[in-house]
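Residue numbers (the UniProt record's numbering), protein chains in the order written: chain A, 1 to 228; chain B, 1 to 675. Backbone N, C-alpha and C define an ideal beta-carbon position, used for all residues, glycine too. Take a look at the structure set out below.
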């Protein structure tokens, strides 16, 4: 198995009102292809900050993040955007679909940015929507979908381009337990059948139970690592 | 998809978008209408001034415009009008003779500009004739030009007693002579008839003649008013030896007596409504006009009012009288080949500056030659014709009368080549060919004159009545100016001599031409338009600001409330460039829709005002004095349409720059987590 992402002693310090606050302290992690890892911890433990740094949305105050072999800290914004486009899929807590685009278009958008030809895009979008259980809903706008369905579109968008890593920031937080479980099952299935690599941040026990590897955080530091 | 997204984003907040579109569309429509009305004013001013009288283009002698004196004539204007025929964009042209004069009726006299027009061509060039419809009577007709009074016995004939006596003796068929002969005593007639110019005149014959002439002149006049008789000018016509009484009067009376119905002529004239009011004149009123001729002599004539015009412009209505061109030309002594100006009308599709440039190009060769003719230092002599190179050199650099004379017969093409000739190399074959061709035409279409025979022109052979001989004779005669001095060396036959004298009269040193576009003539109007443009610019700036604030507001709100969305887009790999593109597109869509609506509404309003101008009764006088119709009319042209469109498009481009800048600086993580 090859390393997809590697975080080396990443630290994030915020300076609010003149007092420096360390949100994440020397966190290290290597994600291998096919991993299904959850980072758990109470609010403010630094889960989302770690995900943002690994996803190159935020720069670490110190330490390094490697996407494949590329050191993300040395790259300009434009390159980082390209790096994210080609390698990382994002699933956000509050779905964050583009409201003016249909299910199909939201899913297709990333492929379009990657320059995939139209026929190929159509094929892949149909496949993925089928996998996430939204077959036949191609032309619906986000506002016409339930929360669970929207999050499935978000999953579809995140995996459609077959990224090396999918980062999911508390994907079940806004869903009821039943829908949340269904989503976890979907992601497990994708991991198993399609070898999609997932890294979660969560405080949902269902996600923690499902994770193959669970990293527990406390005050920005690793408290415990559990392998299931 | 970015395009789709942008379009859909515009309609996310439907109410806000529709409101913005209404405001921008309204501004565009208002701007369009405002510009069209201003343009309507301009077009009217230009129309009323350019089309009514001044014309789009005037060709004058340099300095004539603004100082219209009779000395400022164009000579041989046929040469120029011939060139005009071949210029693209020239639709029609006409010539005019313009001079100052004193218009009198009964005890009232006013100074006026006397404009001689060609009744046939003038209506092709200007709409001056339409001024009659607002006045009374009729416009001048082509046949009016032919009604000039023949001067059967010229003033000159009274200047010298010998020629006067000979005239009375010989021209018995002349009605005036006949009339005089009837009035003279038989003894005087006998002495006149036996008069022989080679025998000294009887010493008392002049005094008898004076005495009898006086008795003829003492008759009370039918025509001559006391006013006319008092005029200083009459002294010009006093025959020194014969009498000191006024001979203008004499001549008139004599003519009158012979041709009572023809001589008191009664040249047709049309005058302005204001002039009519000042003179208390009406249709059929007979006016006396006194003016100064080219030679300095004063000329007087009687005119009958056939029409009264009202062209709106008080200057024209009050200070201008219009008569047939031929009549004025004859009065001032211009004759057939002189005129004051040429007025040109364009095809509407042609740009006036472009046509002016073309005319200037065409006239350039003439101009250059005429210019050179003023600094003559050398003369063309026989030696100059030894070979074509020295001939060309002389033609180019010795602008004496001979060179100028030849130049007049050269084609524009030859003149141009001649002008470009560098005087160092041999003349180009094209120049030679063109020159020889022209000279053959000059010589009367006998094409014997070629490069080979050119060098044989050393000794003119006057025994042959060939064109070559005539040519040489003319050249030499012109070079030496005085025909008499040549006569001693060359035998000249009468016909050539006459031709020579005639053509010599046509060769006066010509001043430069000026070709004026209407913009050069209507300086006041142009200044007025410039002032107006400042007002328009202020208005444009205000509209720009309003539209800017609207677009700025809408775009800033719409972008900032979607911060999170842009954060997500950035997170999944959309570059700032694409986001900028999308926001700009949104701005363009918003303004584009507004622009289309605005243009439709604006154009509809403009076309309404074009077809049904609003008549403003209360401002009639103000408008008329400004040569305008008292109505508000909207006229749309490319400029009127492009200004609001380009302004709004520019605003659409500039207004969203701030939100674009804000978004592109935002880190995706901040946008997602702190929307």
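Listed along chain B are 667 and 669, each with a C-beta nearer than 8 angstroms to that of residue 58/A. Cβ contact annotation for residue 13/A (same chain, cutoff 6 angstroms, sequence separation greater than five): 20, 22 and 61, in chain order. Neighbours of residue 200/A in chain B, taken as residues at a C-beta separation under 9 angstroms, are lacking, since the least C-beta distance is about 16 angstroms. Collapsing the DSSP output to three states places residue 139/A in coil.
Close CB contacts of residue 80/B within its chain, under the 8 angstroms cut and outside five residues either way in sequence, are with 59, 74, 342, 363, 366 and 513 (chain order). Using a C-beta cut-off of 8 angstroms, the segment 130 to 143 of chain A makes no contact with the segment 199 to 218 of chain A, since fewer than three inter-stretch Cβ pairs fall below that distance. Counting C-beta atoms within 10 angstroms of its own C-beta, residue 420/B has fewer than 16 neighbours from the protein chains shown and is therefore classed as exposed.
Residue 181/B is not bridged by DSSP to any residue. For the segment 155 to 179 of chain A, the beta-carbon criterion of a distance under 8 angstroms to any beta-carbon of chain B is satisfied by 157. In this structure, the CA atom of residue 219/A is about 7 angstroms from the CA atom of residue 46/A. Against chain B, the beta carbon of residue 92/A has neighbours under 9 angstroms at 568, 571 and 672, listed in chain order.
For residue 100/A, the chain B residues whose C-beta falls within less than 7 angstroms of its own C-beta are 5, 8, 9 and 12, listed in chain order.
Its Cα nearest to that of residue 135/B, the residue 282/B stands out among 13/B, 282/B and 632/B. Residue pairing by DSSP puts residue 90/A in a beta bridge opposite 167/A. Within a 10 Å sphere around the beta-carbon of residue 142/B sit fewer than 16 other beta-carbons, which makes this residue exposed. At a beta-carbon threshold of 9 angstroms, the residues of chain B lying near residue 78/A are 575, 576 and 577, ordered along the chain. With respect to chain B, the C-beta atom of residue 138/A has no partner C-beta closer than 8 angstroms. Taking the CA atoms as reference points, residue 138/A sits about 25 angstroms from residue 192/A.
Contacts between residue 84/A and chain B, judged by CB atoms closer than 8 angstroms, involve 571, 572 and 573 in chain order. The C-beta of residue 532/B comes no closer than 8 angstroms to any C-beta of chain A. Distance from the CA of residue 18/B to the CA of residue 610/B, rounded to the nearest whole angstrom, comes to 30 angstroms. Residue 99/B is bridged by DSSP to 114/B. When the Cα atoms are used, residue 579/B and residue 7/B turn out to be separated by approximately 14 angstroms. Taken through DSSP and simplified to helix, strand or coil, residue 393/B comes out as helix. With fewer than 16 other beta carbons inside 10 angstroms of its own, residue 615/B counts as exposed.
Assignment of residue 68/A by DSSP, reduced to helix, strand and coil, places it in the coil class. With at least 16 other beta carbons inside 10 angstroms of its own, residue 83/B counts as buried.
For residue 109/A, at least one C-beta of chain B is nearer than 8 angstroms to its own C-beta.
A Cβ of chain B is located within less than 8 angstroms of the beta carbon of residue 113/A. Chain A has a Cβ within less than 8 angstroms of the Cβ of residue 565/B.
Counting only Cβ-Cβ distances below 8 angstroms, residue 105/A has contacts in chain B at 1 and 4, in chain order. With a cutoff of 8 angstroms on beta-carbon distance, residue 160/A and residue 97/A are scored as not near each other.
In the DSSP assignment, residue 416/B falls outside any beta strand (DSSP E) and within the unbroken alpha helix (DSSP H) covering 412 to 420. A distance below 7 angstroms between beta-carbons, with the five flanking residues on each side excluded, links residue 568/B to the following residues of its chain, in chain order: 672.
At a Cβ-Cβ threshold of 8 angstroms, residue 70/B and residue 99/B count as neighbours. Three or more beta-carbon pairs separated by less than 8 angstroms link the segment 27 to 44 of chain B to the segment 638 to 649 of chain B, which places the two stretches in contact.
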